[in-house]
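Comments concern the structure below.
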Amino acid sequence: MLKTMGLIRLSGIVNAKKKLIRSLSNLNQAVSKGLDVPKGYFAVYVGKSQKKRFVVPIYLLNEPCFQELLCEAEEEFGYEHPMGGITISCSEDFFSNLICRLTE
0 MLKTMGLIRL
10 SGIVNAKKKL
20 IRSLSNLNQA
30 VSKGLDVPKG
40 YFAVYVGKSQ
50 KKRFVVPIYL
60 LNEPCFQELL
70 CEAEEEFGYE
80 HPMGGITISC
90 SEDFFSNLIC
100 RLTE
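In numbering that gives the first Met the number 0, the protein residues as written are 0 to 103.
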């Protein structure tokens, strides 16, 4: 009886370990997809309802126009951004045009 209980407990632990490894593997894949940002760049999510991911040069952090967008994002979201990264709530067209002007 004791041996049977030990085997049942052991098989439960093995199954739990397999599930944990599988979920960690999925998490690592999701994280690695989010971290494919080249050195010198960072990702932001832009849009009012649907968020589109943009990868922009880090030097834009020194631009007053970009800093203003970040201040607005801070006021709206604080440090808890819904996408897990910096979220900027403006239209994609506005953001694209701004980035084009700032990177010329």
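Positions of the beta carbon are idealized from the N, C-alpha and C atoms, including for glycine.
7 Å Cβ shell around residue i - same chain, five flanking residues per side excluded
i	result
F65	L59 and L101
V36	A42 and V54
Cβ pair residue i, residue j closer than 8 Å
i	j	result
Y44	K38	no
K47	S88	yes
A42	G77	no
Counted within 10 angstroms of its Cβ, other Cβ atoms place residue i as buried (16 or more) or exposed
i	result
V54	exposed
Nearest neighbour of residue i, chosen from the options [CA to CA]
i	options	result
L97	E67, D35, V36 and E73	E67
E73	S90, T86 and C99	T86
Beta-carbon contacts of residue i that lie in its chain and below 8 Å, excluding the five residues immediately before and after
i	result
D92	none
Y40	V54, V55, P56 and I57
Spatial neighbours of residue i in its chain, beta-carbon cut-off 6 Å, leaving aside the 5 residues before and after
i	result
E75	S88
E62	L101
R52	A42 and Y44
S24	Its pLDDT being 46, under 50, S24 is placed unreliably by the model, and the measurement read from it follows with that caveat. Taken in chain order, the list of residues that qualify is empty.
Subject >> Segments assigned alpha helix (DSSP H), at least 4 residues, entirely inside the segment 63-95 >> reply: Listed in chain order, the alpha helix (DSSP H) elements of length 4 or more contained wholly in the segment 63-95 are 63-76.
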